[in-house]
RNA sequence: UCCCCAGUAGCUCAGUCGGCAGAGCAAGUGGCUGUUAACCACUUUGUCCGCGGUUCAAAUCCGUGCUGGGGAGCCA
């Protein structure tokens with residue numbers, strides 16, 4: 111007999127003669143004549159109630175059917191006489207697939223997020239973490255669907271990279287030799303690292319295929335100890351040929367609206383859990399993300415707003431500074447209370463590949479700031495003019511020879527193009543109201559922490 | 001890396017002025033009930049984070065280290 115997922119059973123409106131379910135026991139309650147077993151199989155948030163009458167096949171397992179045990183149940187799905195569920199399964203055969211020992215750490219009550227991080231291998235069995243992982247999966251699919259519908263091609267950019275100055279932060283070295291061996295004797299004959307961004311590769315592909323995106327793991331060896339940084343995270347990086355900064359922001363905004371709508375549609379039960387127990391303002395946030403136009407504000411105008419703000423800042427504001435968290439939060443959370451694209455940043459605080467504006471002072475960069483999270487997206491129109499790019503690289507002391515292939519793209523049919531990077535875990539934090547990045551990724555990697 | 005806070009039973013936490021180590025939940029046993037974070041009774045559980053110091057006496061005070069959390073910087 112074929113196993114049916116609990117999600118499919120709970121979607122039914124009619125009884126079912128013969129079913130087989132398999133899952134894990136959330137709780138067992140006994141009466142003299144029969145027992146209630148709450149079974150969850152991960153297919154959805156809800157569990158299904160199983161009734162096991164004394165004397166039916168498998169009832170002898172009941173004393174060992176404890177929280178966390180794995181079971182298989184055959185029986186009939188019937189209308190439930192009790193309150194709290196429309197249907198339940200009356201068991202005709204109970205099988206104990208795997209027992210759960212006394213030391214099972216998940217109890218039938220709420221645990222702290224900090225404790226659950228110490229048992230990351232078991233926390234997906236809780237309502238909250240199961241819900242996060244289902245939303246993560248759905249969001250990932252929605253991203254792919256969005257770009258598929260928009261005519262983008264999915265590209266796979268390298269994880270191992272030889273370039274060490276993409277300007278995105280400290281890198282993890284990878285090597286097959288020990289300490290004193292020179293890099294020239296190493297596997298690749300030079301220093302190699304884990305990627306911090308697929309952007310430069312993506313640009314090459316965009317300049318052939320038009321619109322592309324890469325979506326994969328990214329690594330930063332920064333000693334960042336915050337709730338918004340991980341050493342290994344997933345980044346989405348679209349890159350579009352014949353696209354300027356405005357088009358770049360258009361795609362970013364459309365993408366987020368699409369994903370929010372999709373999650374609200376197909377993860378309603380899981381989202382409701384977060385709206386009820388994690389962040390009471392979540393539904394309001396999500397509908398605003400979906401329905402409201404995002405603010406688009408130049409860096410210069412943002413500085414003006416901050417200078418006029420009555421709120422006292424710890425760090426003074428002036429044109430040319432890199433905005434501090436408190437400034438970004440003020441804009442997104444207090445002044446506008448919605449997502450804000452900031453664009454045209456001073457060249458001094460942005461990397462070499464961003465396109466120089468006509469004023470010679472700012473570059474065509476854009477960041478999307480969102481309430482609670484801060485920077486969700488960082489992107490730019492890329493410098494497509496060979497001479498301007500060379501100027502910037504010289505000013506920043508970047509060896510052009512190392513970028514010979516990148517420079518080639520500006521020599522052979524160079525076109526205006528744009529792209530951005532979106533931190534996938536930060537998007538999930540936005541969608542769920544979860545406040546720590548360690549809780550939206552199954553096995554988080556952060557400084558000093560590599561268990562599991 | 002910097003600043004602040006915390007670390008006591010499996011979990012969540014209380015522990016007053018330095019004077020015998022506590023509660024709720026979980027777990028175990030028994031009971032009861034179409035139950036549903038079930039309920040009732042009883043029972044078990046400690047390197048008070050580690051190391052050093054002050055003191056007649058330290059969970060409590062001091063120093064130091066480790067771990068965790070919040071914030072900052074860096075960024076996505």
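Residue numbers (the numbering used here): 111 to 562. Glycine included, C-beta positions come from ideal geometry on N, C-alpha and C. As the structure is a computational prediction, the values presented were derived from the model and not from experiment.
| Check | Outcome |
| --- | --- |
| Residue 460 burial status per 10 Å Cβ neighbour count (16 or more: buried) | buried |
| Continuous beta strand (DSSP E) stretch holding residue 205: start and end | 197-208 |
| Cut-off 6 Å between Cβ atoms - residues of its own chain near residue 392, not counting five sequence neighbours on either side | 384, 385, 543 |
| Buried/exposed call for residue 222, threshold 16 Cβ in 10 Å | exposed |
| Check whether residue 563 and residue 482 have beta carbons under 7 Å apart | The question about residue 563 has no answer here: the residues shown for the chain are numbered 111 through 562. |
| Backbone CA spacing between residue 182 and residue 149 [nearest angstrom] | 9 Å |
| CA-to-CA distance, residue 269 to residue 372, given in whole angstroms | 29 Å |
| For residue 231: DSSP bridge partner residues | Answer is none; residue 231 lacks a bridge partner. |
| Nearest residue (CA-CA) to residue 197, options 206, 205, 185 | 185 |
| Residue range of the alpha helix (DSSP H) that includes residue 489 | Element bounds for residue 489: not the alpha helix (DSSP H) but the beta strand (DSSP E), 484-491. |
| Residue 369 and residue 330 closer than 7 Å at C-beta | no |
| Residues near residue 308 by beta carbon distance below 6 Å, same chain, minus five either side | 267, 324, 347 |
| Residue from 234, 117, 187, 130 with nearest C-alpha to residue 124 | 187 |
| CB contact flag (residue 155, residue 380, <7 Å) | yes |
| Cβ neighbours of residue 417 in the same chain (closer than 7 Å, five flanking residues each side left out) | 427 |
| Distance CB(residue 313)-CB(residue 349) smaller than 7 Å | yes |
| Length of the line joining the Cα atoms of residue 358 and residue 546 | 28 Å |
| Residue 431: CB within 6 Å of a non-hydrogen atom of the ligand COA | No copy of the ligand COA appears in this structure; indeed no ligand is present at all. |
| For residue 239 and residue 550, the rounded distance between their alpha carbons | 8 Å |
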